[in-house]
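Report on the following structure.
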Ligand SMILES: [Ca+2]
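In our numbering, the protein residues as written are 853 to 958.
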């Protein structure tokens with residue numbers, strides 16, 4: 853038997869069909885937490901479009917699917933433009949995100 857101890861953030865699991873020929877594959881995000889996932893939790897999907905191992909620019913916040921009761925099932929949108937390998941990750945936000953202002957150049 854596995855015992856998990858909940859000390860930190862909810863666990864977010866992203867499931868995608870791979871390999872697939874579908875440019876808009878159906879994805880599934882499941883968030884689980886011992887005390888329940890807050891109803892205000894939102895999911896942000898990042899897609900590493902150029903497969904360079906980092907998520908930058910437009911790869912961040914590629915899609916923001918709707919989550920209900922800790923589960924989001926959705927088709928990837930916008931569609932992927934070419935065959936390739938696209939690492940993805942899902943992030944869970946449980947409170948309104950606060951953004952630090954971008955550094956300004958002198
Ligand atoms: Ca990238």
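In this text, a Cβ means the ideal position worked out from N, Cα and C, and glycines have one as well. Just so we're clear, the structure is a prediction, and the values are computed from it rather than from any experiment.
- Which residue comes first and which comes last in the beta strand (DSSP E) that contains residue 864? For the purposes of this step, residue 864 is taken as the residue at position 12 of the chain shown. Taken as a continuous stretch (DSSP letters only), the beta strand (DSSP E) holding residue 864 covers 863–867.
- Message: If the criterion is Cβ atoms closer than 8 Å, does the pair residue 959 and residue 884 meet it?
- Response: Since the first residue of the chain shown is 853 and the last is 958, residue 959 is not available in this structure.
- Is residue 907 near ligand 1, with its Cβ less than 7 Å from a heavy atom? As a first step, residue 907 is located in the chain shown; it is residue number 55 there, counting from the start. Yes; taking the cut-off as 7 Å, the Cβ of residue 907 has a heavy atom of ligand 1 nearer than that.
- Looking only at C-alpha atoms, which of 862, 899 and 865 sits nearest to residue 929? Stepping through the chain shown from its first residue, residue 929 is reached at position 77. If you compare the alpha carbons of 862, 899 and 865 with that of residue 929, the shortest gap goes to 899.
- 6 Å Cβ shell around residue 943 - same chain, five flanking residues per side excluded: What you label residue 943 is simply residue 91 of the chain shown in a count that begins at 1. So the list reads 896, once near-sequence residues are dropped.
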